[in-house]
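Colleague: Quick one: structure below, then a few questions.
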Amino acid sequence: MVRPLVYILVLNWNSPAYTVRCVESLLHLHYSNYRILLIDNGSTDGSEAVLRARFPDLAFLQTGDNLGYAGGNNRGVAYALERGADYLWILNNDTCVDPRALEALVEAVEKDEGIGLAGSKIRSMDDPDRLVFAGGQIDFWQGKSFHRGHLEADSGQYDRLEDVSFVTGCSLFFRASLIEQVGLMRETYFLYCEDVEWNLRIQKAGYRTVYVPGSVLWHKEGGSAGTTRAERLHPDVVYYCARNGLYFFKEAFPVPQRWTASLWHLFENFRLLVSLFRRRDPRFAEYSHSVFQAFADYCNRVSGRRQKRLAGD
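The sequence shown begins at 0 in numbering that gives the first Met the number 0 and counts up by one.
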């Protein structure tokens, strides 16, 4: 019996070492019918040459520019659909997978046509028995999302397949047929919030989002945005989180929660700004510029990649 064809999409941007490690783990998957698509998002560090030389037999797609998380992966989705994919698995390049990770996802979704999106149990690559994600939860009134189990020791407390508010963009497994009904991830976000918005859009279309504990992978936290406070306060991270949060609430939340979440979001950003100012933190100027640009761009309906401007503009 021929198993459903799964395309695994691995998006790279200036991080070939992470991508090599991820792909090496994918080559040991137990599932029999899958293809790996490497997508380079316009890297400037020679990633393409490294990856093509290391994996000459794998499909490779070059976007030509940094299109963001959604833009890069959407190009990969289109490629896979043209080639008859039954399922797609979008996987962060800073992960390593358990050999049974894909098989568990396919088995879960094949059993229930009502499942539209499935995600994995994610552990820390630096502390392999510690969880970083076991399903996502959303506080719609405050507009906050939570990674269940974050930093808890994995002792089997989240070993039941269940519905969740969202599964993280680190591991998104879905039916190819879903795209025709709900569309792709919104490229207007460029970075951050697009995966959670897509989760909610899929649920509004009547599908379930489920956490599959039998699908285990390890994630190098900090491979993208970073884990330290300094890394999380990088001006671009601050900008996208501040701006996209407002777009996310507007596009995905019901009206009462849309307003309360937006107000809380504004308050939280300005509270951190005040805290940095009081401590005379040297990052205050860059942070405040990013926040004000984010809110100004939202008001002016600016989306996509951040347009850098001088602080005095």
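We put the beta carbon where it would ideally sit given N, CA and C, even for glycine.
So, with DSSP's three-state summary, where would you put N92?
Modeller: N92: coil per DSSP, three-state reduction.
Colleague: Rounded to whole angstroms, what is the Cα-Cα separation between T226 and M0?
Modeller: Summary for T226: the model assigns pLDDT 46, below 50, so the residue's position carries little reliability; its value from the coordinates is reported in the next sentence. When rounded, the distance between both Cα atoms is 45 Å.
Colleague: Assign P55 to buried or exposed, taking buried as 16 or more other Cβ atoms, counted over all protein chains shown, within 10 Å of its Cβ.
Modeller: So P55 ends up on the exposed side.
Colleague: What is the rounded straight-line gap between the Cα of E186 and the Cα of W12?
Modeller: The straight-line gap from Cα to Cα measures roughly 16 Å.
Colleague: Quick check on the burial criterion: 16 or more other C-beta atoms within 10 angstroms. Buried or exposed for F266?
Modeller: Its Cβ having fewer than 16 others within 10 Å, F266 is exposed.
Colleague: Under 6 Å Cβ to Cβ from Y330, same chain only, skipping five residues before and after it: list those, please.
Modeller: This structure cannot settle anything about residue 330, because the visible part of the chain is limited to 0 through 312.
Colleague: For the putative contact between G135 and F173, defined by C-beta atoms under 8 Å, what is the C-beta separation to the nearest angstrom?
Modeller: Between F173 and G135 the Cβ distance is about 15 Å, and since that is not below 8 Å, they are no contact.
Colleague: Between A310 and L190, what straight-line distance do the alpha-carbon atoms span, to the nearest angstrom?
Modeller: Bear in mind that a pLDDT of 49 at A310, under 50, signals an unreliable position, so the number given afterwards is only what the model happens to contain. So the two alpha carbons sit approximately 22 Å from each other.
Colleague: In or out: F252 buried (at least 16 other Cβ within 10 Å) or exposed?
Modeller: So F252 counts as buried.
Colleague: Would the beta-carbon of L10 fall within 8 Å of that of N73?
Modeller: No, these two residues do not count as a Cβ contact at 8 Å.
Colleague: Straight-line CA distance for R228 to F291?
Modeller: Interpretation of R228 is limited by its pLDDT of 48, a score under 50 that renders its predicted location unreliable; the figure taken from the coordinates is listed afterwards. Each residue's Cα considered, the two are about 20 Å apart.
Colleague: Label K120 either buried or exposed according to how many other C-beta atoms from any shown protein chain fall within 10 Å of its C-beta, with 16 as the threshold for buried.
Modeller: Result: buried.
Colleague: Would you say F189 reaches chain D, if we count a Cβ-Cβ gap shorter than 8 Å as a contact?
Modeller: Annotation note: the requested chain D is absent from the structure, which comprises a single protein chain.
Colleague: To which residues of the same chain is T259 closer than 6 Å at the C-beta, ignoring the five residues directly before and after it?
Modeller: So the qualifying residues of the chain are W140.
Colleague: Can the beta-carbon of E250 be found closer than 8 Å to that of A69?
Modeller: It is not a contact, given that the beta carbons lie outside the stated cut-off.
Colleague: Which stretch, first to last residue, makes up the alpha helix (DSSP H) that contains F291?
Modeller: Where F291 is concerned, the enclosing alpha helix (DSSP H) stretches over 283-298.
Colleague: Classify E109 as helix, strand or coil using the three-state DSSP reduction.
Modeller: E109 falls in the helix class under three-state DSSP.
Colleague: What is the DSSP secondary structure of K249, reduced to helix, strand or coil?
Modeller: Helix.
Colleague: Determine, using beta-carbon pairs with one atom in the stretch 155-170 and one in the stretch 32-45, whether at least three such pairs fall under 8 Å.
Modeller: The stretch 155-170, when compared against the stretch 32-45, does not touch it at the 8 Å Cβ threshold.
Colleague: Please classify E196 as buried or exposed, where buried requires at least 16 other C-beta atoms within 10 Å of its C-beta.
Modeller: Classification of E196: buried, given that the 10 Å Cβ count is 16 or more.
Colleague: Determine the direct distance from the alpha carbon of V163 to that of G142, and round the result to whole angstroms.
Modeller: Each residue's Cα considered, the two are about 16 Å apart.
Colleague: Measuring alpha carbon to alpha carbon, tell me which of S46, E109, V237 ends up nearest D64.
Modeller: When each option's Cα is compared against that of D64, the closest is S46.
Colleague: Measuring CA to CA, which of L216, M124, G115 is closest to Q180?
Modeller: It is G115 whose Cα lies nearest to the Cα of Q180.
Colleague: Give me, in chain order, the residues of the same chain whose beta-carbon lies closer than 6 Å to that of L28; leave out the 5 immediate sequence neighbours on both sides.
Modeller: Around L28: P98, L101.
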